[in-house]
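Q: Please see the structure below; I have some questions.
Chains as they are written, first to last, in my numbering: chain F, 2 to 261; chain R, 20 to 293.
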């Protein structure tokens, strides 16, 4: 049963071998919030997602996800959907979109036999990202970069997660597809689902997110956009001056330039 | 010409080719999907040390056990070591295991000179020398591997495509990785007697790699790799009736040539860059 608590991290510390990746990380994400995590390369964004997923365990500190300690991996993964970075995918073989879509559903069913209903769920998830049934029999490797991203996104939402974790979902995705994915995310949020998204470029999300986390191996800032996106915080995160331009709606947009 | 095909050794050779083809299909395809081709070479050569050890123990009065069983144990150790290491170190670990096992094999062979030919047979292989016991062992291991693949097909596909995603969706990806690498290692070893350690790579990887280039889906990779391995194996046997050549070597040559032929065709059609 899903408990009412959100995601609470207290003094997280994590390192790979002798290299500390995250230090002194504390934050709270309420149930139903749409949160973005941003920061430069190697700042620990993906590692933080893996800590939330229970794939990695903190060396010290504590993280609870909807009331479950991060060590309760099975319970956490039963309520989460994950979209990895496309670069981590190995698709040098003729795997079909159908196979990819069924992966998450099959894992969630503990590899039990798939039914026609499962295929319908997969089709619905594809439709939610602007693709249709015809794509099921296409080779994943033959899709464009943006289409691959959308399939991976559809795979994540097909398991109807309470918490959706997306790692760089907009890489190589054109603006219309990006907007469609964002619409789906907003629809999930309206249904009370928590969405956590890791991005390099925060600008496409600024008008939609509830909370922003700025990382550079430690939490530079966490909270409302206007609190986080200050020139001082951006300098701390990126080690360079990043100008901020304000749009008509009053949101400050960082102009990254060549910073990353 | 006498009715050679009725001879028991011919029937065993044909059965051997069929079993090799099944392994080329299931284990070979996943070797390509998981991108661990070097494990095939590492496991099959490491198996020589295991076989040599069992022959040595047999010569010292211990109960006689099929040397291939020793090979299976050593190959499993290599597979588990490979699964334990980080992805970027996997080929280094397999390579060092390969070298260590070969050193051990040569050392052990030097201690059992009168039986050393039995070990060297595994290096070169001969499909006509398969015994009834070898066939039983091949059937047992192949059935075991097919059962595991059928049971965990989607998990193996998931970890081959997206290891991180498989972990995130709640699969015990590390455990499935150990099982998959063990299946590949076991398949590599039971091909030893038929085609030899040197040529296992050709019969296990080349058919799947060739199929991977032309197949429209995963099932076709399994089907085509089975057919390429089967036709190559039968071709090897057929040619050896007329010319005094090693059927295993000829079959491996056919399988590898098929791969390069398909790759060339794909290059000519502009679908792949070599």
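Ideal placement from N, C-alpha and C gives every residue a C-beta, glycine not left out. None of the values given here were measured: they were computed from a predicted structure.
Among all the DSSP beta bridges, which residues are the ones paired with residue 275 of chain R?
A: The partner list for residue 275 of chain R (beta bridge, DSSP) is empty, contrary to what the question assumes.
Q: Is the distance from the Cβ of residue 202 of chain R to the Cβ of residue 46 of chain R below 8 Å?
A: In contact: residue 202 of chain R and residue 46 of chain R (Cβ atoms closer than 8 Å).
Q: Using 8 Å for Cβ pairs, my map puts residue 232 of chain R next to residue 285 of chain R. What's the rounded Cβ distance?
A: 6 Å between Cβ atoms; contact.
Q: Specify, as a first and last residue, the run of the beta strand (DSSP E) that residue 16 of chain F falls within.
A: Here the beta strand (DSSP E) through residue 16 of chain F covers 8-17.
Q: Does residue 183 of chain R get closer than 8 Å to chain F when you measure Cβ to Cβ?
A: Answer yes: the Cβ-Cβ gap between residue 183 of chain R and chain F drops below 8 Å somewhere.
Q: Take residue 48 of chain R as the anchor and find which of R/253, R/193 and R/175 has the nearest alpha-carbon.
A: For the residues R/253, R/193 and R/175, the minimum Cα distance to residue 48 of chain R belongs to R/175.
Q: Counting only beta-carbon separations shorter than 8 Å, does residue 223 of chain R have a partner in chain F?
A: No, residue 223 of chain R lies away from the interface with chain F (no Cβ there is under 8 Å from its Cβ).
Q: Counting along the chain, where does the alpha helix (DSSP H) carrying residue 29 of chain F start and finish?
A: It is not in any alpha helix (DSSP H) - residue 29 of chain F instead sits in the beta strand (DSSP E) that spans 20-30.
Q: What residue range does the beta strand (DSSP E) around residue 195 of chain F cover?
A: Element bounds for residue 195 of chain F: 195-199.
Q: Kindly confirm or deny that the segment 217-233 of chain R and the segment 248-255 of chain R touch, where touching means at least three C-beta pairs closer than 8 Å.
A: A contact exists between the segment 217-233 of chain R and the segment 248-255 of chain R.
Q: Got a sec: which bits of the segment 108-125 of chain F sit with their beta carbon under 9 Å from any beta carbon on chain R, in order along the chain?
A: Within the segment 108-125 of chain F, the residues whose Cβ lies closer than 9 Å to some Cβ of chain R are 108, 109, 111, 112 and 115, listed in chain order.
Q: When the Cα of residue 134 of chain F is compared with those of F/98, F/87 and F/104, which residue comes out closest?
A: With distances taken between Cα atoms, residue 134 of chain F lies closest to F/98.
Q: Under the rule that 16 or more other beta-carbon atoms within 10 Å means buried, what is residue 52 of chain F, buried or exposed?
A: It counts as buried.
Q: At 8 Å on the CB atoms, spell out the chain F contacts of residue 240 of chain R, in chain order.
A: 94 and 95, listed in chain order.
Q: Quick check on the DSSP output: the alpha helix (DSSP H) that includes residue 214 of chain F runs from which residue to which?
A: It is not in any alpha helix (DSSP H) - residue 214 of chain F instead sits in the beta strand (DSSP E) that spans 212-216.
Q: Buried or exposed: where does residue 156 of chain F fall if 16 or more other Cβ atoms within 10 Å of its Cβ makes it buried?
A: Its Cβ being crowded by 16 or more others within 10 Å, residue 156 of chain F is buried.
Q: Is it the case that the Cβ atoms of residue 131 of chain F and residue 190 of chain F are separated by a distance below 8 Å?
A: It is not a contact, given that the beta carbons lie outside the stated cut-off.
Q: Using a beta-carbon distance below 8 Å, is residue 179 of chain R in contact with chain F?
A: Yes, residue 179 of chain R lies at the interface with chain F (some Cβ there is under 8 Å from its Cβ).
Q: Out of F/30, F/31 and F/45, which has the shortest C-alpha to C-alpha gap to residue 21 of chain F?
A: Looking at the Cα atoms, F/45 is the closest of the given residues.
Q: Given this structure, state the Cα-to-Cα distance separating residue 218 of chain R from residue 56 of chain F, to the nearest angstrom.
A: So the alpha carbons of these two residues sit roughly 39 Å apart.
Q: Counting only Cβ-Cβ distances shorter than 7 Å, please list the residues of the segment 39-69 of chain R near chain F, keeping chain order.
A: Cβ contacts with chain F: 51, 52 and 54.
Q: For residue 243 of chain R, report the span of its alpha helix (DSSP H) as first-last.
A: Counting along the chain, the alpha helix (DSSP H) containing residue 243 of chain R begins and ends at 237-261.
Q: Among the candidates R/78, R/68 and R/241, whose CA atom is the shortest distance from the CA of residue 95 of chain R?
A: Closest option to residue 95 of chain R, Cα to Cα, is R/68.
Q: Are the C-beta atoms of residue 178 of chain F and some chain R residue less than 8 Å apart?
A: Not an interface residue.
Q: Is residue 78 of chain F close to chain R? Criterion is C-beta to C-beta, closer than 8 Å.
A: Chain R contact via Cβ: present.
Q: Mind checking who residue 248 of chain F pairs with in its DSSP beta bridge?
A: In the DSSP output, where bridge partners are listed per residue, residue 248 of chain F has none listed.
Q: Nearest to residue 170 of chain F by alpha carbon, out of F/237, F/60, F/87 and F/76?
A: Answer by Cα proximity: F/87.
Q: If you compare alpha carbons, which of F/13, F/219, F/249 and F/145 is closest to residue 207 of chain F?
A: Ranking F/13, F/219, F/249 and F/145 by Cα distance to residue 207 of chain F puts F/249 first.
Q: Residues of chain R with CB under 7 Å from residue 105 of chain F, in chain order?
A: Within 7 Å Cβ-Cβ: 188.
Q: Hey, which unbroken runs of the beta strand (DSSP E) at 3 residues or more fall wholly within the segment 133-162 of chain F?
A: Qualifying beta strand (DSSP E) stretches: none in this window.
Q: Could you work out which residue in R/126, R/289, R/86 and R/145 is closest to residue 213 of chain R when comparing CA atoms only?
A: Residue R/145 is the option with its Cα nearest to residue 213 of chain R.
Q: Name, please, each residue of chain R whose Cβ falls closer than 9 Å to the Cβ of residue 197 of chain F.
A: Near residue 197 of chain F there are no residues of chain R at all, since even the closest Cβ is about 13 Å away, more than 9 Å.
Q: Which whole-angstrom value is the C-beta distance of residue 1 of chain F and residue 186 of chain F, which I expect to be below 8 Å?
A: Outside the displayed range of chain F (2 to 261) lies residue 1 of chain F, so it cannot be described from this structure.
Q: Could you check what DSSP says for residue 184 of chain R in three-state terms: helix, strand or coil?
A: Here residue 184 of chain R sits in helix by DSSP.
Q: Quick one: complete alpha helix (DSSP H) runs, 4+ long, within the segment 55-117 of chain F?
A: Fully enclosed alpha helix (DSSP H) runs of 4 or longer: 74-78 and 98-109.
Q: For the beta strand (DSSP E) that contains residue 167 of chain F, what are its first and last residues?
A: Here the beta strand (DSSP E) through residue 167 of chain F covers 164-168.
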